[in-house]
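Chemist: Just so we're aligned, residue 62 is where the sequence shown starts under the numbering used here, counting upward by one. Cβ atoms here follow ideal geometry from the backbone N, Cα and C, with glycine treated the same way.
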Amino acid sequence: MGIGTRELGEAIRAARMRKGLTQEALSEMVDITPIHLKNIESSRRKPSVPLLFALMELLDFSVDALVFPDREEGGVIHTAGLSGEEQEAVARLVDVMRRKGRN
């Protein structure tokens, strides 16, 4: 199972647009040319792994939905900076909310 270039390009483009960024602005933020970003978004090129991670961080998106389309994932919760106890509390809250949504 792998991520298709088309799906990845579309996901990056959609995330960029949700953030209200132009290709020029985003390409400057990740230190690539606008043409390179255009080629990634139009599925002519794949981003390198470090570039993909930079895009994911800047655009607040995850490739999980592309890799695991059957998962019921509602978004990304960033827990960096939380203590272990706080992370466990967030995980429990998410579980409760998911169960509540299924009922």
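1. Hey, is the segment 94-109 in contact with the segment 138-148, meaning 3+ C-beta pairs nearer than 8 Å?
2. Can you find the residues in the same chain that come closer than 7 Å, C-beta to C-beta, to L116, ignoring five residues on each side of it along the sequence?
3. Tell me the rounded alpha-carbon separation between Q148 and E89.
4. Roughly how many angstroms separate the alpha carbons of M62 and L69, rounded to a whole number?
5. Does the Cβ of L143 have 16 or more other Cβ atoms within 10 Å, making it buried, or fewer, making it exposed?
6. In whole angstroms, give me the CA-to-CA distance for E146 and A86.
7. Could you give the DSSP three-state label for V157: helix, strand or coil?
8. For a test of the three-state rule: what should DSSP assign to A141, helix, strand or coil?
9. Whole angstroms are fine: how far does the CA of V151 sit from the CA of M158?
Modeler: According to the structure data:
1. The segment 94-109, when compared against the segment 138-148, does not touch it at the 8 Å Cβ threshold.
2. Here residue 116 corresponds to residue number 55 of the sequence shown, with the count starting at 1. Excluding sequence neighbours, L116 sits near I73, V91, P108.
3. Here the question's residue 148 lines up with position 87 in the sequence shown. Here the question's residue 89 lines up with position 28 in the sequence shown. In a straight line, the C-alpha of Q148 is about 34 Å away from that of E89.
4. Counting from 1 along the sequence shown, the entry for residue 62 is found at position 1. Counting from 1 along the sequence shown, the entry for residue 69 is found at position 8. In this prediction, M62 scores a pLDDT of 42, lower than 50, which makes its location untrustworthy; the coordinate-derived value is nonetheless stated afterwards. Taking the straight line from one Cα to the other gives about 14 Å.
5. One-based indexing of the sequence shown puts residue 143 at position 82. It is exposed - the Cβ of L143 has fewer than 16 other Cβ atoms within 10 Å.
6. Along the sequence shown, read from residue 1 onward, the residue named residue 146 stands at position 85. Along the sequence shown, read from residue 1 onward, the residue named residue 86 stands at position 25. So the two alpha carbons sit approximately 38 Å from each other.
7. Along the sequence shown, one-based indexing puts residue 157 at 96. If DSSP states are grouped into helix, strand and coil, V157 belongs with the helices.
8. Mapped onto the sequence shown, residue 141 falls at position 80. In the structure shown, A141 falls within a coil segment according to DSSP collapsed to helix, strand and coil.
9. The residue you call residue 158 lines up with position 97 of the sequence shown. The residue you call residue 151 lines up with position 90 of the sequence shown. About 10 Å.
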